[in-house]
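Peer 1: Let me begin by handing over the structure; questions about it come next.
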Amino acid sequence: MKNHRLCFIFYVSLICLIPQVNHACTGFNLSHGEQHLVGRNTDWYVEDCLLIVNKRGVQKTALQFPPKVSAQPAKWTSKYGSVTFNQAGCEQPFSGMNETGLVVQLLALAEAKYPTPDSHPSINQLQWVQYQLDNFSTVKEVISSVSKLRITKRDGAFGIHLLVCDRMGNCAVIEFLGGKIVHYTNESMPINVLTNNTYAESVESWKSGKLLTSDDWRSIERFTQAANMIKNYDPKPSMSAVDYAFDILTKVEMGDPTKVEGKRMRSSFIATEWSIVYDMHNLKIYFRTFENQKIRFVNLTKFDFSCKNPMKVLNIHTDLSGDVTSNFIDYTQKINRNLIENSYRKTSFLRNTPKDELDRISRYPENSICTDK
Numbered sequence: 002m003k004n005h006r007l008c009f010i011f012y013v014s015l016i017c018l019i020p021q022v023n024h025a026c027t028g029f030n031l032s033h034g035e036q037h038l039v040g041r042n043t044d045w046y047v048e049d050c051l052l053i054v055n056k057r058g059v060q061k062t063a064l065q066f067p068p069k070v071s072a073q074p075a076k077w078t079s080k081y082g083s084v085t086f087n088q089a090g091c092e093q094p095f096s097g098m099n100e101t102g103l104v105v106q107l108l109a110l111a112e113a114k115y116p117t118p119d120s121h122p123s124i125n126q127l128q129w130v131q132y133q134l135d136n137f138s139t140v141k142e143v144i145s146s147v148s149k150l151r152i153t154k155r156d157g158a159f160g161i162h163l164l165v166c167d168r169m170g171n172c173a174v175i176e177f178l179g180g181k182i183v184h185y186t187n188e189s190m191p192i193n194v195l196t197n198n199t200y201a202e203s204v205e206s207w208k209s210g211k212l213l214t215s216d217d218w219r220s221i222e223r224f225t226q227a228a229n230m231i232k233n234y235d236p237k238p239s240m241s242a243v244d245y246a247f248d249i250l251t252k253v254e255m256g257d258p259t260k261v262e263g264k265r266m267r268s269s270f271i272a273t274e275w276s277i278v279y280d281m282h283n284l285k286i287y288f289r290t291f292e293n294q295k296i297r298f299v300n301l302t303k304f305d306f307s308c309k310n311p312m313k314v315l316n317i318h319t320d321l322s323g324d325v326t327s328n329f330i331d332y333t334q335k336i337n338r339n340l341i342e343n344s345y346r347k348t349s350f351l352r353n354t355p356k357d358e359l360d361r362i363s364r365y366p367e368n369s370i371c372t373d374k
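As numbered in the numbering used here, residues 2 to 374 make up the sequence shown, in order.
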């Protein structure tokens, strides 16, 4: 017990001292026949997360953050329900899948530079993920919508790029470079993998077999490892596609976990906090966490996505295994507020956010209107 306390104190001290760093995440698509999977590692130093069941038929106005932009916030009514993984509060996901099988996930990209705000409606980069899950079922629809919004981010926040895949097995990478939209699909996308360098730079390094001299957070190394495992995938009855996807995620995980008194501990402040495999064909989401390596899953076909009934949430660290679909509980503002408080206070560029701003963000979902009467 004493060792656990010392490790915890050291870990918290590191968080207080480190500069703002990017999420060092990995995403990929693995397909075989009609089965299309998307895998993701979230590599970070904040472990708090909720799985949230988002409803269809909800009228929304985008949540805006400082610095304010002149454009009006985007407005829409959700067409599809979804399940998302949220650290920064309800409506601010990093990753998720909707009821049509569309998967959207963001990954950090230091080079990202968004188009200058103008008369187009604006939306912050996290809620943009939710916007796509709310509105679209195909990669083609997502790509056609990108130029219609202006993406914003908070001061100090990392920029992002996206990996988007649909139930038919189509995938795209969407980036913002030099203020312009860049996307890759089909022939321009030789491998469906994304880490934390630009897609073009990652593919070039992978094809050449040469790592960059400077490979921050092993981004190119992780890209190359995942790409090679996907290229070499040889389906066998002894290992399911889901298991193989988790095997890829294990090979590219961060944090070099060690064990202290039988408990998994982080040996560095960036670790793979959770791993996800989205099964788009069967509408199931499999996941495991750093401390609980038992694989759990949820079945989207079992959720009620009508907005007439409360949203549902599940703490990702609840000690469960197997099918956890029935273990979700009703969403409350208090649950949302606790998540935001915990995540913000542990995040270097957010820890000084005023209390009234945290209250505003936690109350945001109450401003939405259910149109399903």
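C-beta atoms are modelled at their ideal positions from N, C-alpha and C, and glycine is treated no differently.
Measuring straight from C-alpha to C-alpha, what distance separates Lys313 and Leu213?
Peer 2: As a working mapping, residue 313 is identified with position 312 in the sequence shown. As a working mapping, residue 213 is identified with position 212 in the sequence shown. One C-alpha to the other measures close to 44 Å.
Peer 1: For Asp324, does the count of other Cβ atoms within 10 angstroms reach 16, so buried, or fall short, so exposed?
Peer 2: Translated into the one-based positions of the sequence shown, residue 324 becomes position 323. So Asp324 counts as exposed.
Peer 1: List, from N- to C-terminal side, the beta strand (DSSP E) runs of 3 residues or more that fit wholly inside the segment 37 to 119.
Peer 2: 51 to 55, 59 to 62, 76 to 78, 83 to 87, 94 to 99 and 104 to 109
Peer 1: Does DSSP put Asn343 in a helix, in a strand, or in coil?
Peer 2: Within the sequence shown, residue 343 is the residue found at index 342, counting from 1. In the structure shown, Asn343 sits in a helix (DSSP, three-state: H, G or I).
Peer 1: Between the Cα of Tyr345 and those of Asp49, Met230 and Asn193, spot the shortest distance and give me the residue it belongs to.
Peer 2: Start at 1 with the first residue of the sequence shown, and residue 345 comes out as number 344. The shortest Cα separation from Tyr345 among Asp49, Met230 and Asn193 belongs to Asp49.
Peer 1: Between Asn55 and Gln36, what straight-line distance do the alpha-carbon atoms span, to the nearest angstrom?
Peer 2: Stepping through the sequence shown from its first residue, residue 55 is reached at position 54. Stepping through the sequence shown from its first residue, residue 36 is reached at position 35. Distance between the alpha carbons of Asn55 and Gln36: 24 Å.
Peer 1: Should Ile19 go down as buried or exposed, given a rule of 16 or more other Cβ atoms within 10 Å for buried?
Peer 2: Numbered from its first residue, the sequence shown carries residue 19 at position 18. In this prediction, Ile19 scores a pLDDT of 38, lower than 50, which makes its location untrustworthy; the coordinate-derived value is nonetheless stated afterwards. Classification for Ile19: exposed.
Peer 1: Which same chain residues end up closer than 7 Å to Pro94 when comparing Cβ atoms and leaving out the 5 residues on each side of it in sequence?
Peer 2: Here residue 94 refers to the residue found at position 93 when the sequence shown is read from its first residue. These residues qualify, in order along the chain: Thr85, Phe86, Asn87, Leu127, Val130 and Gln131.
Peer 1: Taking Ser209 as part of the alpha helix (DSSP H), name the residues at either end of that continuous run.
Peer 2: Walking along the sequence shown from the start, residue 209 turns up at place 208. It spans Tyr200 to Ser209 - the alpha helix (DSSP H) in which Ser209 sits, taken as one unbroken run.
Peer 1: With DSSP as the reference, label Ala228 as helix, strand or coil.
Peer 2: Position 227 of the sequence shown, counted from the start, is the residue given in the question as residue 228. Note: Ala228 maps to helix in three-state DSSP.
Peer 1: Flag this pair as yes or no: are the beta carbons of Thr416 and Thr196 separated by less than 8 Å?
Peer 2: Here the chain has residues from 2 to 374 only, and residue 416 is not among them.
Peer 1: Taking DSSP as the reference, what is the three-state secondary structure of Ala173?
Peer 2: To locate residue 173, count along the sequence shown from 1; it is residue 172. Residue state, collapsed to three classes: strand.
Peer 1: Rounded to a whole number of angstroms, what is the C-alpha to C-alpha distance between Ile124 and Ala75?
Peer 2: On the sequence shown, position 123 is the one that residue 124 refers to. On the sequence shown, position 74 is the one that residue 75 refers to. Straight-line Cα distance between these residues: approximately 6 Å.
Peer 1: Take Lys181 and list the residues in its own chain whose beta-carbon comes closer than 8 Å to its own, dropping the five residues that flank it on each side.
Peer 2: Your numbering for residue 181 matches position 180 in the sequence shown. Correct list, in chain order: Pro116.
Peer 1: Among the residues of its own chain, which have a CB less than 6 Å from the CB of Ser83, if the five just before and after it don't count?
Peer 2: Taking the sequence shown and counting its residues from 1, one reaches residue 83 at position 82. Closer than 6 Å at the Cβ level, and outside the excluded window around Ser83, lie Asn55, Gly97, Asn99 and Leu134.
Peer 1: Grab me the residues of Ala63's own chain with a C-beta within less than 8 Å of its C-beta, minus the 5 sequence neighbours each way, in chain order.
Peer 2: The residue given as residue 63 occupies position 62 in the sequence shown. Closer than 8 Å at Cβ, skipping near neighbours: Pro74, Ala75, Lys76, Pro122, Ser123, Ile124, Asn125, Gln128 and Tyr132.
Peer 1: Can you tell which of Lys303, Arg297 and Asn310 has the C-alpha that lies nearest to the C-alpha of Asp320?
Peer 2: Here residue 320 corresponds to residue number 319 of the sequence shown, with the count starting at 1. Put simply, of Lys303, Arg297 and Asn310 the residue whose alpha carbon is nearest the alpha carbon of Asp320 is Arg297.
Peer 1: Taking a contact to mean a Cβ-Cβ separation below 8 Å, would you say Asn337 touches Pro355 in this structure?
Peer 2: Here residue 337 corresponds to residue number 336 of the sequence shown, with the count starting at 1. Here residue 355 corresponds to residue number 354 of the sequence shown, with the count starting at 1. Taking 8 Å as the Cβ cut-off, Asn337 and Pro355 do not qualify as a contacting pair.
Peer 1: Could you check what DSSP says for Val314 in three-state terms: helix, strand or coil?
Peer 2: If you number the sequence shown from 1, residue 314 lands on position 313. Three-state DSSP puts Val314 in a strand.
Peer 1: Got a sec, what are the start and stop residues for the alpha helix (DSSP H) Ile362 sits in?
Peer 2: Along the sequence shown, one-based indexing puts residue 362 at 361. Run containing Ile362: Lys356 to Arg364, per the alpha helix (DSSP H) assignment.
Peer 1: Here's the rule I'm using: 16 or more other beta-carbon atoms within 10 Å means buried, otherwise exposed. How should His33 be labelled?
Peer 2: Within the sequence shown, residue 33 is the residue found at index 32, counting from 1. It counts as exposed.
Peer 1: One question on the structure: do Thr186 and Ala173 come within less than 8 Å of each other, judged by their Cβ atoms?
Peer 2: Within the sequence shown, the letter at position 185 stands for residue 186. Within the sequence shown, the letter at position 172 stands for residue 173. For Thr186 and Ala173, yes; Cβs fall inside 8 Å.
Peer 1: So who's on the other strand from Leu163, going by DSSP bridges?
Peer 2: Residue 163 sits at position 162 when you count from the first residue of the sequence shown. Bridge partners of Leu163: Leu107 and Ile175.
Peer 1: Please check the pair Ala242 and Leu103, which I expect to be a contact at CB under 8 Å, by giving their CB distance rounded to whole angstroms.
Peer 2: Walking along the sequence shown from the start, residue 242 turns up at place 241. Walking along the sequence shown from the start, residue 103 turns up at place 102. 19 Å between Cβ atoms; not a contact.
Peer 1: My assumption, with CB atoms under 8 Å, is that Gln60 sits in contact with Ile370. Please give the rounded CB distance.
Peer 2: As a working note, residue 60 is residue 59 in the sequence shown. As a working note, residue 370 is residue 369 in the sequence shown. Indeed, because the Cβ distance is near 4 Å, the residues count as touching under 8 Å.
Peer 1: Quick one, which of Lys149, Arg41 and Pro118 has its alpha-carbon nearest Gln107's?
Peer 2: Taking the first residue of the sequence shown as position 1, residue 107 is located at position 106. It should be pointed out that residue 107 corresponds to Leu in this sequence rather than to Gln. Nearest C-alpha to Leu107: Arg41.
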